[in-house]
Amino acid sequence: MAIELKANQRQDLKRSYTKLIRSAGKIPAIVYGKAKDPKAITVNSMELLKTVRDEGRNAIISLRVEGESNVDVMLHDYQIDPIKDELLHADFYVVNMSREMDVEVPIHLDGEAQGVKDGGVLQQPLHNLAVRAKPRDIPEEIKIDVSELAIGDSITVADLKESNKYEVVEEESTTIASVLAPDTGTEEASNEGEQEEPEVVGEDKAEEE
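Just so you know, the UniProt record's numbering puts 122 at position 122 of the sequence shown, and the rest follows in order with no gaps.
Here it is in structure tokens:
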């Protein structure tokens, strides 16, 4: 079931009004879609943050704009003030619940790799997985068990279990996680420094004379 989020229409697009609504705890936003003209709205920033935190980045939101019927949307994009760490603007995209769409889903690695216990280093070059699914079938996250990964082992997209709810659209050869051997560069450099000094040619002969 979609989470409802209330919104108000925004007629005044002046910067002075934008500052006013932000001071009231709201942010300007746009809702748009293939069969819908862009509409300027405002939403409560705290309610939006709570929805994303509780339901995930790909949550289906039932947007309730005053005077209109609810519409199913997803948070397509947003802007954050890098200094104040506050929401500044949001874009909502109207979704067709019966059609598949491409989205990125966060990857969560479960367990402690055996290779890490043996001194290796776990690396995760891929943090989000591209999948194709109907809006209601989009997973909040994809969990991958790495507990059996030994040093030198890796998990690629091809190793993932198939799902009847979504299709993975990443290249099968893409590495998701791997365990590397511990870095021995420092130790080798130290051993090289401990090698015996080369003998100076002619030194023994000079001493004998």
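C-beta atoms are modelled at their ideal positions from N, C-alpha and C, and glycine is treated no differently.
In the DSSP assignment, the residues bridged to Tyr93 are Tyr32, Met74. For Leu63 and Val31, the gap between their C-alpha atoms comes out near 9 Å.
For His108, the beta-bridge partners assigned by DSSP are Lys143. Beta-bridge analysis with DSSP links Glu4 to Ser62. Where Val169 is concerned, there is no enclosing alpha helix (DSSP H), because DSSP gives it neither an H nor an E. With contacts defined as CB atoms closer than 8 Å, Gly120 and Leu180 qualify as a contacting pair. Shown here, Thr42 sits in a strand according to DSSP, grouped into three states. Taking 8 Å as the upper bound for CB-CB distance, Leu75 and Ala90 are in contact here, some 6 Å apart. For Leu20, the enclosing alpha helix (DSSP H) covers residues 15-23.
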